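Here is the structure we will look at.
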Amino acid sequence: NQCVNTEKSHYSGIVNGTIHVVAGGAGSHLSNFSQVTPKWSLYRDYDFGFVKLTAFNHSSLLFEYKKSRDGNVYDSFTISRNYRDVLACVHDGCEATTLAS
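For the record, in the sequence shown the residue sitting at position 87 is 87 according to UniProt numbering, with numbers rising by one throughout.
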């Protein structure tokens with residue numbers, strides 16, 4: 001599959017499928033990047049980092065990319081979906097909790 005939307009900073013619309021995000025830096029110092037940059041690659045970095053996912057409720061998921069050296073957020077986005085049709089008859093009595101900081 002190939003993304004056909006050219007928007008790089010804000011996308012809004014209906015996505016009828018799975019959203020894939022590729023983020024990784026474990027082998028960042030093993031070799032240089034190829035001189036050819038694929039269309040789907042927006043940013044390249046030689047630093048180590050990790051992704052923190054935070055689910056706020058039944059409809060919002062926050063993605064944050066943090067660098068290991070300082071823990072600061074270098075990229076983030078939220079994926080939201082209106083699940084009213086699915087959750088109309090579901091009761092959830094659990095309080096929102098997280099062990100992440």
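Glycine residues also receive a C-beta, built at the ideal position from the N, C-alpha and C atoms.
None of the values given here were measured: they were computed from a predicted structure.
Three-way DSSP call (helix, strand, coil) for residue i in this model
| i | result |
| --- | --- |
| Ile-79 | strand |
Contact belief for residue i with residue j at Cβ below 8 Å, rounded distance in angstroms
| i | j | result |
| --- | --- | --- |
| residue 106 | Asp-45 | Any answer about residue 106 is impossible in this case: the structure gives the chain only from 1 up to 101. |
Close Cβ partners of residue i (< 8 Å) along its chain, the five nearest in sequence each way excluded
| i | result |
| --- | --- |
| Lys-66 | Gly-49, Phe-50, Val-51, Lys-52, Asn-72, Val-73 and Tyr-74 |
| residue 102 | Residue 102 lies beyond the residue range present for the chain, which begins at 1 and ends at 101; the question has no answer from this structure. |
| Val-21 | Val-51 and Phe-63 |
| Thr-78 | Ser-60, Leu-61, Leu-62 and Phe-63 |
Own chain partners of residue i with C-beta closer than 7 Å, once the 5 adjacent residues on each side are dropped
| i | result |
| --- | --- |
| Ser-80 | Ser-59 and Ser-60 |
| Ala-23 | Val-51 and Tyr-65 |
| Ser-41 | none |
Neighbourhood of residue i by C-beta, 6 Å cutoff - its chain only, sequence neighbours within 5 removed
| i | result |
| --- | --- |
| Glu-64 | Lys-52, Val-73 and Ser-76 |
Beta strand (DSSP E) segments (min. 3 residues) lying fully within the UniProt domain "Purple acid phosphatase C-terminal" (17-76): Within the UniProt domain "Purple acid phosphatase C-terminal" (17-76), the complete beta strand (DSSP E) segments at least 3 residues long are 49-55 and 60-67, listed from N- to C-terminus.
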